[in-house]
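Here's the structure, in structure tokens; my notes come after.
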Amino acid sequence: MYFLTGWPRRLLCLRSEEEPFHIQPSSQRFYFAVLSQTQLGIWFSRPSVLIVSYIESAKAAAQFGSYQKAEWKPDDSMIAVATANGYILLFDVLGVGDDKSLYEPVYPKGSPLVKVTPGYKEEQCAPALSLEMKKPVDLEAPITSLQSLQEDLLVCTADGYLHVLHWDGLGSNGRKAICLTTIPFSLDLQSARGGPSLDLEGAYIRCMEYCVTLDGFAVVLSDGRLGFITPLSNNITADQLQGVWAADVTDGTCVAVNNKYRLMAFGCASGSVLVYMIDTTTGSMQLSHKLELTPKHFPDIYNKTGPVKLIRWSPDFSVAMVTWECGGLSLWSVFGAHLICTLGEDFAYRSDGTKKDPIKISSMSWGAEGYHLWVLPHIQEKKRQTEEEEEEEMDSPPQPSLQAGILQFHFIKSALTVNPCTSNQEQVLLHGEDRLYLTCGDPTQVNSTSDTHAHTHLHPREGSPMHHPPNPDSSLSQGLSTLLGHKHWHVVQIHSTYLESNWPIRFAAIDSAGQCMAVAGRRGFAHYSLVTRKWKLFGNITQEQNMTVTGGLAWWKDFVVVACYNFTDQQEQLRLYQRSTNLDNAFASVTKLHSDTLLLNVFRDMVILFRADCSICLYSIERRNDSPHPTASVELLQEVSMSRYIPHPALVVSVTLTSVRTETGITLKAPQQACMAESIMLNLAGQLIMLQRDRSGPQVRDKETPANNKKLLPFSPPVVLAQCVENVWTTCRSNRKKRHLLEALWLSCGEAGMKVWLPLFPRDHRKPHTFLSRRIMLPFHINIYPLAVLFEDALVLGATNETVLYDGLQGSSEPLEALFPFCTVERTSQIYLHHILRQLLVRNLGEQALMLAQSCASLPYFPHVMELMVHVVLEEEATSREPIPDPLLPTVAKFITEFPLFLRTIVHCARKTEYALWNYLFAAVGNPKDLFEECLMAQDLDTAASYLIILQNMEVPAVSRQHATLLFNTALEQGKWDLCRHMIRFLKAIGSGEMETPPPTPTTQEPSSTGGFEFFRNRSISLSQSADSVTTGKFNLQKTFSMPTGPSVKGRDVECAENMYIDMMLWRHARHLLEQVRLRDLGCFSAQLGFELIGWLCRERNRVARVDDFVSALKRLHKDFLWPFPVNPAGSLSSPLKNGRCRTVLSTRLLKSQSADSLLNSDMDTAPTQAAPTNHTWLDGLGQRPKDMDTASSSHSNQHSPQTHDAFLSLLTNKVEEYSVGSATDLTETSSVVDGDWTMAELEHISMELANKGPHKSQVQLRYLLHVFMEAGCLEWCVVIGLILRDANVIKQVIGFLDSPEVPQETVQSVRHGLLAVDTWASTDCLGYKPFLNLIQPQLQELMDSAAGEPVQPEAFQPSSQSSKLGCSEVPGGAAAPRAEDSRGAVSQLGLALPSLEPAGGFSRPPSEDCPPEQTEEQGEEEGAYDCTLS
Amino acid sequence: MIEVVASMSRGPVFLAGELMECLITFTNPMSHLSTSASSEMLAWASAQIHCQFHASESRVALPAQGNKQDVQAESDTVLIPSRGERGQCVLDTPPKILFCDLRLDPGESKTYSYSEMVPVDGPPSFRGQAVKYVYKLTIGCQRVNSPIKLLRVPFRVLVLQGMPEPPFPQDEEVSPSNPFLEEEEASRRDARPLERALEMLMVSTSRRCPQMFNITDSRGKVAKFCMFKTVYRLGEDIIGTFNFSEGDIPCLQYSVSLQSEEEIQQPYQRRPGQPVSVTGHGRHMESCLHTASSHFSLPVPLNVTPGFSTDTVILRWRLHFEFVTARDPMEPPIVLQNQSEVTVWTGAEHVNVDTFSWDLPIKILPTNPALASSMSHFTGTNSINI
């Protein structure tokens, strides 16, 4: 397909007052004859320079009249020019074929810059030509049309005659004249041949073109009628001509014929182009299609274009360029797909919105291979410009200041237009004059990445140390979106050496992997690899110049397959060149062919050739590795003569081998079928013909010897599958899961869009219904021009023209940049599945649709497909004026219910359609309330939220509020915070709507509550006295920035009932969380929704914020925060069972923590907690106490934290004791193990350190919660968190607080009971806690003591104290127990000793060897990162 | 045998400052049904990114370096990612341990995800004539009592110079950082450098500021040249227009080449005043004798390195123009109407010409790494068997 690129280039004609108005290319389009009134100029194509110009003398000009039309003799040796006074002037073009050249640069001698390009002299010069006029022929009537035939020149004159002149000896003996009135015309060739038509009196041929493949002339008569004249014999004589009319057309203006597709395009005064074909049976003219601007796309201009002025088919006949009297260019594919029109958008309007005058075109012509369009702009355009310029240049010498110009538009085209090979059509390859454009990122790569993801997903991934790998779906969609989202091309410039000597490029091909390209120009070929980024050219230029590619080229594995003509041997050859060897005939495998090749294609290991004798040849290719260089051997398999079916070999557009078959014959086993070359698809002038292998004959294959196995089945007679086909795609891959898509045949059909010939499969291998045909042809529309089909991905790739305006940049003078936008070509892609599914549903093939859809359900855009389908059907049926007897929407809805995304699809679709259609939609798919509830049941809350919006619009507020509440509660429960925030807004909006008050603005939070968090924020220094200044400083900042954004629930305008209602729900949820001991969830909940936790906890202090069961709360925290149970070295021996559990926890958690932070990260060792700040409400009263406490315990803590190392050294002795402590339970013998070495012990210790600590993040979170609870005065919770953190200071502090009169007695009791329970539990189930409990023993005792009247027995501590006692007694130099009976004393004794052994929570410090200074610094930074403020 | 496959899911191209993620899969390929099947053990595996620098002896004089390469014995449990490679390691990230003591039963496979920020302060991947910077992800694995095996995955790093430092210290100050919010924050932060870089790229390369140049040679004006911008992304087309109709000197031909200049910094030059190495990356050539106006469009290849500078080398980009102009005026004769004789105008056979050249510096910036990945010659995957 063709796309416009860049700006047009402007060429300058000779300075003259005359304007050129007619351009006529030579047969190969290397020369262009340009006519103005008295001048004939010849331009060369590349370089585009004027070679020669013939200027008529005044006298002759007066006699002949001005020049009007020109025509070249087919061998370029003559030009005939028609003049206004009815003369044909014949010019000899001399010098064609000579070696003389023009504009050869002569470089100064000794110049350092001698040549810009090596080889410039030979390639970049135009040949020298001269013009010589021969005797003119006077036809005595104005000439309306000139047409060159092989030997003759056909001239139509305004007196109704058709003159046949012989090119040689023009005007003498070869001259014949036929009167139009003598030609019999009818509507078809079969109807009785009447005599000469009487109504042709006075009419003449206005425009005429000869069509080789139809062997006749398409004519437009002066009265606007359209006709086709066939010579009945080989000679054109009066009595041998027969004409047919096109029915009912009388406004024809011009005609252009398409030789390849046997079409005649007639321009009409109405502005539309009618494209006719000839019915082969009756010989009548049949309208194929119209080229018309639609009112939809061109509302301003579609009916104001004026008559069609010119139509020009591209050299390969795949597109037509049309221009109108009002100007403008528009490009159409052969069967009417619209590609470009310069009457709209950026072409017609400047960037400031003003309208431009469209360029009026007096003549145009395609250049060689269609890379350029040479356009002569109309004179009036320039007159205006001349005036302007003359005004500017008043003082310049009076000379014809303006030079007329030729505009050269540049095009790039799809490689399919000339070289339609299927093997690689999942790539888009475009080629311009000097470069190739290919799609970036190949789809197979995307497939493979998705595969690898699926792969990794299958394997158990144990403790992935890093982030979670990306979700396979998301990565696939990401891959696809990178593939499809960016519109870039990869541009490869064609090697200039090859290009300069072989311009223009005729064929281009790309391999199936998209890595190798090959191009062929006039002679030879060259190939390029994306891997090496290098071109490979023939090393020997003679070899290159001795061959020309005739039938195209294709890749087979790493071989280039070319069908070429060898000038040395003068024969047609099939050659295969290996990619990696030097490009040299020595490495090529050459097969002689018997006839000219027109087309070449590759299917698996087969080459298919279409030859000029209308036969198809199949060759097998085999790779041979026997020589040092891999070669390929080629063997003829089969020859199929098609001459019976093909009237002219030039009509064959493409030929393909496919595995497609109609399955009417004997069914093959599926795998066999997929690999077989089952049928030949032949595009004959747009008619798709299929030849299947004939399996009806005796099946002797199996009995044959393998040697004869190559004898292949003959082909059955052809069947026509479709008309108006431009391109065909099939694949030879197979995939059992996507059989529908892979075994289908895809067609692009111009304006009719695309068609798919879809196979239908019986479900579950049941016997197929007899009425079910095996394949179905479904048409569907797409908005892009298809260039490739991605079979598995259910996508069509294409390209579109885009424009960029560059006007208004360059001041007053209007350069081309201002006249035209800069054109680019962008990649596009389109999904089509919804069309196909819908069509299947319409045809009652729901089962097939389901199978097809299920095979594609994993595609990332599958939801989108579903949505589109509902949307399209809904729009169509709901807006239909008449009632639809059999609406499709319910069927579609039912179809989608088969997929889990049904609920989402419906609601998305609803939200994208207007409200007016909702009733219709939900009448078909079900009540939105029910759908909402289904969403809730399916736990799809986001979709439920979407339905809520529907409900809000369709139901009364009470209903939507009720549903919203339901959703809000579920969202809270599931921790969908974003949704919660939305729901809060939503509920407020409903409320405000009800009360007709504006929705409340987010309210600011009270500073006091923030202060609490601020306190935590600087926790590392918060307990020191200096914290205050920092806190307040930061607080201000934080307030200004974060307050307004934070979604705040607690508002000051409590008067709003809605807020109250929401608060109630939040409170309820918070209570619920706390009751269930879900502190982590509570933390998230509060953080995410800005729930003011401290205030609420204060209120709940003596209600729900109490702890009933300390032990289970502790266990739950361990679980929720992934906090390992402490491991006791002794315990590790004594209790293998529990220990095992701890180990697993360790191994999994350890890896996690490792990923998040450095190994030994702890924020507790940064600073010992010292004092509580005194600036907080609740603590104020108690402020005094903790301080005292601290000073009391400071000696204690000081002992441990700074001198951890020293204490650590005393391990050995203690360790012995520790073992003996362990042995007190059951394993006394193992103490003998203890002659282990030091390092082992150290390692053990370090790992214990690690084991006893949870992830850093949990620690920060726990600390945060601790401070929140502390603020709120929830002392029981403080104790629990203090326990899990094993922070003795916390416990001490809390126990200190307990003495305060403000603390209710129940709390004190609860703490006491709780601690006792924990102690009991630790003694039996989790000995790891014991050392810590021992550490806080003095406080516990104090607590026990304070409970004077309480029925608490000190015996509760018995188990541990006994063991302690045991241990104590074995300490030889142990401090003397003041009271031997008092267990407390012994315990405290141990408590002093233990931390060194097993440094507990708050005082732990990893041995310094493992904590290099950098790491500490890092930790410091991280500390900052975890600082807490409240939003 | 253990099969190790490393695969960068996003593709092999990254912007500096981006998070690179690589999935490393260890598989015991033996089927659990086979008779000889047994579990396989790996002592440890660790991964690290490093940038290897290599300079051509003839062009770059590097200060003498102590050869530290052989300090590590083969069997040491120390990962030296650049071991056995030429040149020196100019940059490496801290090694990350993937696991210790991995045991794989027959048929079992385990996948680890390695992620690391590509260092911001490093050079871009560059393969010049004098200097090479190559980035690799090295995964070292060791069986007990065996030498360390290295699996290298080369990848490409694009550096967007002048990218503003991540503004997050300040962000952090004002944004909520309740520890329970942290998870989302972190994931959002990961995506930010890329977004920011792309935004910056868009801003700097989409601004149009047309620049007009009058091309003149010693005798007069040849053409007017217009560039619409001077900053381009990889993969973009460089567009310029020529207007010859306003020139006095006929121009036969012009060519525009996209060139990179690689200059070794003064202290490292092998010879004083050694010339810069110039590499061409695409060329447009056009005959323009009877042309009034034309344009060129040169694609910036996706695989080239945008301009940068390090201590050792500077890479600059330019457009190199060459013009072939006629020495003598070759105005086509003015055609006067109504002449008594037939006139045949023919072009000159030979034209005395001069050639001259001109350089225009331009800026080349990186592009979306995903786009560059699509055309990279790296695959982003590699594997070994150990």
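Residue numbers (numbering that gives the first Met the number 0), protein chains in the order written: chain A, 0 to 1430; chain B, 0 to 385.
Cβ atoms here follow ideal geometry from the backbone N, Cα and C, with glycine treated the same way.
Check: Residues sharing a beta bridge with glutamate 131(A), DSSP; Outcome: Asp91(A)
Check: Tyrosine 113(B) - containing beta strand (DSSP E), residue span; Outcome: 108 to 116
Check: Residues, ordered as in the chain, of the region 239 to 256 of chain B that lie near chain A by beta-carbon distance below 9 angstroms; Outcome: Thr240, Asn242, Phe243, Ser244, Glu245, Leu251, Gln252, Tyr253 and Ser254
Check: Below-9 angstroms beta-carbon distance, asparagine 27(B) vs any chain A residue; Outcome: no
Check: Under 9 angstroms between C-beta atoms of leucine 61(B) and leucine 157(B); Outcome: no
Check: Any chain A beta carbon closer than 9 angstroms to valine 343(B); Outcome: yes
Check: Inter-residue Cα distance where the pair is valine 369(B) and leucine 636(A); Outcome: Residue 369(B) is actually alanine in this sequence, not valine. Distance between the alpha carbons of alanine 369(B) and leucine 636(A): 46 angstroms.
Check: Beta carbon proximity, aspartate 806(A) to chain B, threshold 9 angstroms; Outcome: no
Check: Residues of its chain near threonine 802(A), where Cβ-Cβ distance is below 8 angstroms and the 5 sequence neighbours each way are ignored; Outcome: Glu344, Asp345, Phe346, Pro820, Phe821, Cys822 and Thr823
Check: Within-9 angstroms CB hit, alanine 347(B) to chain A; Outcome: yes
Check: Separation of histidine 1312(A) from glycine 1445(A), as counted between CA atoms; Outcome: It is not possible to answer for residue 1445(A), since the shown part of chain A is limited to 0 through 1430.
Check: Cβ-Cβ distance between glutamate 235(B) and arginine 315(B) below 9 angstroms; Outcome: no
Check: Residue-chain proximity (methionine 116(B), chain A), Cβ-Cβ < 9 angstroms; Outcome: no
Check: Euclidean distance between Cα positions of alanine 684(A) and threonine 229(A); Outcome: 19 angstroms
Check: Buried versus exposed, by CB contacts within 10 Å (16 or more), serine 26(A); Outcome: exposed
Check: Below-9 angstroms beta-carbon distance, glutamine 1075(A) vs any chain B residue; Outcome: no
Check: Where tryptophan 166(A) sits in the DSSP three-state scheme; Outcome: coil
Check: Minimum Cβ-Cβ distance from methionine 132(A) to chain B less than 9 angstroms; Outcome: yes
Check: Three-state secondary structure (DSSP) of phenylalanine 967(A); Outcome: helix
Check: Terminal residues of the alpha helix (DSSP H) in which glutamate 344(A) lies; Outcome: 344 to 347
Check: Chain B residues whose Cβ lies nearer than 7 angstroms to that of valine 490(A); Outcome: Pro298
Check: Sequence-distant residues of the same chain with beta carbon closer than 6 angstroms to glutamine 847(A), five excluded per side; Outcome: Leu759 and Leu839
Check: Beta-carbon proximity list for histidine 319(B), same chain, < 6 angstroms, skipping 5 on both sides; Outcome: Ser256, Gln258 and Asp358
Check: Threonine 354(B) at chain A interface by Cβ criterion, 9 angstroms; Outcome: yes
Check: Buried or exposed by the 16-neighbour rule on C-beta atoms within 10 Å, applied to aspartate 885(A); Outcome: exposed
Check: Paired residues, beta bridge with tyrosine 644(A) - DSSP; Outcome: Answer is none; tyrosine 644(A) lacks a bridge partner.
Check: Chain B within 9 angstroms of phenylalanine 821(A), Cβ atoms only; Outcome: yes
Check: Three-way DSSP call (helix, strand, coil) for arginine 1115(A) in this model; Outcome: helix
Check: Secondary structure of threonine 180(A), DSSP reduced to three states; Outcome: helix
Check: Buried versus exposed, by CB contacts within 10 Å (16 or more), cysteine 563(A); Outcome: buried
Check: Straight-line gap, alanine 140(A) to glycine 85(A) (C-alpha atoms, nearest Å); Outcome: 5 angstroms
Check: Proline 298(A) classed as buried or exposed, judged by whether at least 16 other C-beta atoms fall within 10 angstroms; Outcome: exposed
Check: Boundaries (first-last residue) of the alpha helix (DSSP H) holding tryptophan 1122(A); Outcome: Where tryptophan 1122(A) is concerned, there is no enclosing alpha helix (DSSP H), given that its DSSP letter is neither H nor E.
Check: Alpha carbon of asparagine 213(B) to alpha carbon of cysteine 225(B), nearest angstrom; Outcome: 9 angstroms
Check: Spatial distance of valine 218(A) from glutamate 208(A) (CA atoms); Outcome: 7 angstroms
Check: Neighbour flag for isoleucine 142(A) against chain B, beta carbons, 9 angstroms; Outcome: no
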